[in-house]
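Student: Pasting a structure here, questions to come.
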């Protein structure tokens, strides 16, 4: 799940 | 303003603002098309769109209030349905063509170079034709796409998710709000009550066709990857593995 989780938890632009 | 206090009109406006930007492949797919080249272009586009899709989901009012497990599960189970509905929307005014991006437009014959893809192209074209016949409106389209995200595959949830009653409840409320918004978008069109119900049914029934094609697409992409015809990015691989 690493990549999706990372993208979900990073702050949106 | 919390999403639960939004009117259907305000909710649609939020969902419209969440729409991803237009995408480009940014390179020429060299002719004659080969299986490897076409698959590489299609997966490259899918990968670009996935990044935008995750930002889009986060902007759907209430989505980030779900637990991360739910957020991941929803995206993993619906991503190809969402991509396919987007493709249909872009292709709606181009009979016989699939507008994968502004710079990658294919007709069904061009799918012949990839084993097994023409049958998928045909189903995508057929569903696009149906949306064209129904004269799908942009407001309806954005609601349907959000419904795909919120409705995906709830029955196959893990025990961990089944116990997360809070997220389950929130998800149901969100889905109800988007359903209300879709009903509102249909009600504005000046149809009789009976025709409004029929239109709602027709639009929702198309979601099951999309689910069916996306299942075929997942299987096709897995086969292509397993046979080393195409390499997929980390993100796409993750979505493919966890989504199927």
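Residue numbers (my numbering), protein chains in the order written: chain X, -3 to 9; chain P, 2 to 245. Virtual Cβ for every residue (Gly too), placed ideally from N, Cα, C. Quick caveat, the model's predicted, so the values are computed rather than measured.
Report the option in 94/P, 140/P, 36/P whose CA atom is closest to the CA atom of residue 188/P.
Tutor: 140/P
Student: Taking just the CA atoms, how far does residue 107/P sit from residue 217/P?
Tutor: 19 Å
Student: When the Cα of residue 113/P is compared with those of 33/P, 64/P, 73/P, 21/P, which residue comes out closest?
Tutor: Ranked by how close their Cα comes to the Cα of residue 113/P, the residues 33/P, 64/P, 73/P, 21/P have 33/P in first place.
Student: Mapping DSSP to helix, strand and coil, what is residue 34/P?
Tutor: coil
Student: Can you name the residues of chain X whose CB is closer than 8 Å to the CB of residue 239/P?
Tutor: -3, -2, -1, 0
Student: Considering residue 102/P, what are the terminal residues of the beta strand (DSSP E) in which it resides?
Tutor: 98 to 102
Student: Please classify residue 17/P: is it buried, with 16 or more other beta-carbons within 10 angstroms of its beta-carbon, or exposed?
Tutor: exposed
Student: Going by CA-CA distance only, name the one from 186/P, 71/P, 63/P that's closest to residue 244/P.
Tutor: 71/P
Student: Select from the region 63 to 90 of chain P all residues with a C-beta closer than 9 Å to any C-beta belonging to chain X, and list them in chain order.
Tutor: 65, 69, 72, 73, 76, 77
Student: Can you check DSSP and say which residues form a bridge with residue 107/P?
Tutor: Bridge partners of residue 107/P: 99/P.
Student: Please state whether DSSP places residue 2/X in a helix, a strand or coil.
Tutor: helix
Student: State buried or exposed for residue 167/P, treating a residue as buried only when at least 16 other CB atoms are found within 10 Å of its CB.
Tutor: When all chains shown are included, residue 167/P counts as exposed.
Student: Under a three-way DSSP split, which group does residue 227/P fall into?
Tutor: helix
Student: Between residue 181/P and chain X, is there a C-beta pair that is closer than 8 Å?
Tutor: Residue 181/P does not count as touching chain X.
Student: In or out: residue 75/P buried (at least 16 other Cβ within 10 Å) or exposed?
Tutor: buried
Student: Along chain X, in chain order, which residues have C-beta atoms closer than 8 Å to that of residue 165/P?
Tutor: Here the premise fails: no neighbours, minimum Cβ distance about 16 Å.
Student: Which residue's Cα is closest to the Cα of residue 207/P: 135/P, 123/P, 8/P, 111/P?
Tutor: 135/P
Student: In chain X, which residues lie less than 8 Å from residue 55/P when you measure between Cβ atoms?
Tutor: Within chain X, the residues near residue 55/P are 0, 3, 4.
Student: So residue 224/P contacts chain X; which residues on that side make the cut at Cβ distance below 7 Å?
Tutor: Per Cβ cutoff of 7 Å: no residues; residue 224/P is ~22 Å from chain X at best.
Student: What number of angstroms, rounded off, separates the C-alpha of residue 40/P from the C-alpha of residue 96/P?
Tutor: 23 Å
Student: Measure from the alpha carbon of residue 23/P to the alpha carbon of each residue in 51/P, 36/P, 3/P, 10/P, then state which is nearest.
Tutor: 51/P
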